[in-house]
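Okay, structure first, notes after.
Protein chains: 2
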Amino acid sequence: MAPKDVASLDPARARELFRDGLRTPTAGWCRGWTQANLLAVPRALAYDLLLFSQRNPKSCPVLDVGDPGETRTRIFDGDLRTDLPGYRVYENGEPVGETSDVRELWREDLVPFLIGCSFTFEDALLQAGVPVRHIETGRNVPMYVTSLACRPAGVLAGPLVVSMRPIPAALVPAAIRVTSRYPALHGAPVHVGDPKEIGIGDLAQPDFGDPVEINPGEIPLFWACGVTPQAAVMASGVPFAIGHLPGHMAITDVRDHIFQVP
Amino acid sequence: MAPKDVASLDPARARELFRDGLRTPTAGWCRGWTQANLLAVPRALAYDLLLFSQRNPKSCPVLDVGDPGETRTRIFDGDLRTDLPGYRVYENGEPVGETSDVRELWREDLVPFLIGCSFTFEDALLQAGVPVRHIETGRNVPMYVTSLACRPAGVLAGPLVVSMRPIPAALVPAAIRVTSRYPALHGAPVHVGDPKEIGIGDLAQPDFGDPVEINPGEIPLFWACGVTPQAAVMASGVPFAIGHLPGHMAITDVRDHIFQVP
Chain A
1 MAPKDVASLD
11 PARARELFRD
21 GLRTPTAGWC
31 RGWTQANLLA
41 VPRALAYDLL
51 LFSQRNPKSC
61 PVLDVGDPGE
71 TRTRIFDGDL
81 RTDLPGYRVY
91 ENGEPVGETS
101 DVRELWREDL
111 VPFLIGCSFT
121 FEDALLQAGV
131 PVRHIETGRN
141 VPMYVTSLAC
151 RPAGVLAGPL
161 VVSMRPIPAA
171 LVPAAIRVTS
181 RYPALHGAPV
191 HVGDPKEIGI
201 GDLAQPDFGD
211 PVEINPGEIP
221 LFWACGVTPQ
231 AAVMASGVPF
241 AIGHLPGHMA
251 ITDVRDHIFQ
261 VP
Chain B
1 MAPKDVASLD
11 PARARELFRD
21 GLRTPTAGWC
31 RGWTQANLLA
41 VPRALAYDLL
51 LFSQRNPKSC
61 PVLDVGDPGE
71 TRTRIFDGDL
81 RTDLPGYRVY
91 ENGEPVGETS
101 DVRELWREDL
111 VPFLIGCSFT
121 FEDALLQAGV
131 PVRHIETGRN
141 VPMYVTSLAC
151 RPAGVLAGPL
161 VVSMRPIPAA
171 LVPAAIRVTS
181 RYPALHGAPV
191 HVGDPKEIGI
201 GDLAQPDFGD
211 PVEINPGEIP
221 LFWACGVTPQ
231 AAVMASGVPF
241 AIGHLPGHMA
251 ITDVRDHIFQ
261 VP
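Protein sequence lines, in the order shown, are assigned to chains A and B. Using UniProt numbering, the first residue of the first sequence is number 1, and each one after it goes up by one. Using UniProt numbering, the first residue of the second sequence is number 1, and each one after it goes up by one.
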């Protein structure tokens with residue numbers, strides 16, 4: 001079971017809980033520390049993924065890339081195979097399993113990518129007085145596959161995935177200003193308002209994560225999401241990959257401040 | 001011969017002059033347009049170079065990467081084999097030639113990288129009242145190999161290369177503030193003051209480009225330089241690569257504004 005005050009945990013303690021089997025979304029965990037998306041692909045696919053990330057920097061801001069077979073990186077002093085609270089395994093583009101331990105599936109040629117996550121700037125939103133509905137209600141953030149295509153790279157192509165936060169209209173400028181300061185963590189929203197304009201039919205039915213309520217006077221804001229490369233893995237039929245379970249992030253040992261621009 | 005007012009040329013006209021054989025450094029050319037370093041490597045080396053760039057973002061901010069064999073990219077509507085004012089060709093890490101046309105050397109497996117260049121922010125420096133000595137004196141910027149090691153990636157390792165501009169002491173804050181706004185074009189300086197601290201013995205003898213005078217009351221400021229990956233090509237004995245001649249840049253079709261952060 002999660003401790004009561006997950007916001008004040010340090011990354012090592014959080015990873016220990018996950019290693020011991022705790023399965024939970026990490027929104028609101030480890031205030032002040034950077035959270036990251038994981039995607040590990042075979043070395044043969046690593047160039048395409050790195051190029052895909054370079055060509056789609058809003059959704060795929062690369063924080064670090066390990067060498068083949070590595071299970072920790074410069075910014076993550078834990079075991080990437082056990083220290084996330086959930087994983088998704090892909091074969092030929094299909095999700096074939098969700099687990100909390102991928103030690104038996106890890107391969108010598110797997111290259112782990114850590115990609116910025118918008119959970120990281122939620123503490124800055126809260127500090128600026130901008131409410132974050134899924135944290136208030138103890139849920140995972142809702143994520144949606146859009147009709148916007150990423151720029152392809154090699155064999156990788158797919159749609160942009162976004163996370164959504166409903167923001168009171170008067171606080172939309174603050175939410176945009178605050179998140180713009182974190183370009184390496186998806187930065188400013190990619191869309192404001194009508195979900196249909198980006199191909200989202202029903203906000204109550206997210207493709208990943210949990211639905212949240214939108215109250216009167218609130219506007220849905222959409223941020224590029226680090227699940228996007230997993231959507232490309234699916235759309236492109238990649239033979240093998242391991243990602244995090246959406247919303248169940250790698251909590252790194254890097255302070256969020258270092259990604260803040262003036 | 002170069003026209004008199006090179007600052008007001010548009011990129012297409014500048015590239016035409018270079019294609020016709022004009023060999024010149026491009027500092028001060030095409031005000032308002034983004035300049036870029038070129039490095040084209042065989043596909044087998046492209047992952048290492050892209051990862052090297054990701055791990056050394058101050059010196060290697062990637063603006064665009066072409067597909068294998070491509071001779072133009074999304075941001076450069078010209079011919080990468082003829083439209084730069086100078087090229088250096090490498091074999092086994094050795095510079096084996098300088099030329100203004102590499103059409104006969106281009107290969108189907110060559111992947112062209114375009115990397116941000118600090119010439120781009122010099123117009124912003126001038127507009128802020130910060131003098132740029134090598135433009136004043138019609139020379140190339142001086143560049144130096146430092147004692148600072150880049151973070152390696154695969155077979156690529158090597159030293160950081162910097163460009164130097166002498167700045168009147170009172171204008172150092174302005175120079176830092178202005179260039180900080182362009183993180184994709186090397187951003188803020190990596191070193192201020194004593195060149196010996198970063199392993200530069202004699203400012204009068206740059207490793208690339210031309211020496212410039214440092215007047216009393218001026219402080220040398222050092223910016224990470226996009227020649228750094230060429231230094232890695234040399235240090236690592238890469239079998240084959242084509243780069244630009246230092247200071248003789250690719251002038252792209254992208255406005256400098258788009259790389260400015262608040």
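The beta carbon of each residue, even a glycine, is placed where N, CA and C say it ideally should be. All values derive from a computational prediction rather than experimental measurement.
Judged by beta-carbon spacing, valine 227 (chain B) lies within the 7 Å limit of phenylalanine 208 (chain B), meaning their Cβ atoms are closer than that value. With a threshold of 7 Å between beta carbons, alanine 46 (chain B) makes contact with chain A. Contact annotation: alanine 7 (chain A) and glycine 28 (chain A) have beta-carbon atoms nearer than 7 Å. Secondary structure at aspartate 48 (chain B): helix, using DSSP grouped into helix, strand and coil.
Under the rule that a run must span 3 or more residues, the beta strand (DSSP E) segments found entirely inside the stretch 183–233 of chain A read 218–224. Straight-line spacing of the CA atoms in arginine 133 (chain A) and arginine 43 (chain B) works out to 46 Å.
Nearest C-alpha to proline 262 (chain B) among A:Gly217, A:Met249 and A:Ser180: A:Ser180. Note that the C-beta distance between tryptophan 223 (chain A) and proline 189 (chain A) is below 7 Å. Look at valine 41 (chain B): its C-beta is not under 7 Å from any C-beta on chain A.
Proline 142 (chain B) sits in coil when the DSSP states are folded into three classes, being neither helix nor strand. Inter-residue distance for isoleucine 75 (chain B) and glutamate 94 (chain B) is about 29 Å (C-alpha atoms, whole angstroms). In the three-state reduction of the DSSP assignment, glutamine 54 (chain B) falls in the helix class, which pools H, G and I.
Closest by C-alpha distance to aspartate 83 (chain A), out of A:Tyr90, A:Thr73, A:Glu91 and A:Asn92, is A:Thr73. In this structure leucine 50 (chain B) does not touch leucine 38 (chain A) by the C-beta definition: roughly 19 Å separates them, more than the 8 Å allowed. Taking 7 Å as the CB threshold, leucine 148 (chain B) stays off the interface with chain A. Chain-ordered, the chain A residues with CB closer than 8 Å to the CB of proline 262 (chain B) read Ser180, Val261 and Pro262. Any Cβ of chain A closer than 7 Å to the Cβ of leucine 51 (chain B) would place that residue at the interface, and such an atom is present. If the five residues before and after leucine 156 (chain B) are omitted, its C-beta is found closer than 7 Å to the C-beta atoms of Asp48, Leu49, Phe52, Ala232 and Ser236, all from its own chain and listed in chain order. The C-beta of isoleucine 258 (chain A) has fewer than 16 other C-beta atoms within 10 Å across all chains shown, which makes the residue exposed. Look at the beta carbons and you see the stretch 135–144 of chain A touching the stretch 161–176 of chain A: at least three pairs across the two are nearer than 8 Å. DSSP places histidine 248 (chain A) in the coil class of the three-state scheme, outside both helix and strand. Distance between arginine 88 (chain A) and threonine 34 (chain B), taken at the CA atoms: about 41 Å. Contact check for phenylalanine 18 (chain B) and proline 112 (chain B): beta-carbon distance about 16 Å, past the 8 Å limit, so the pair fails to qualify.
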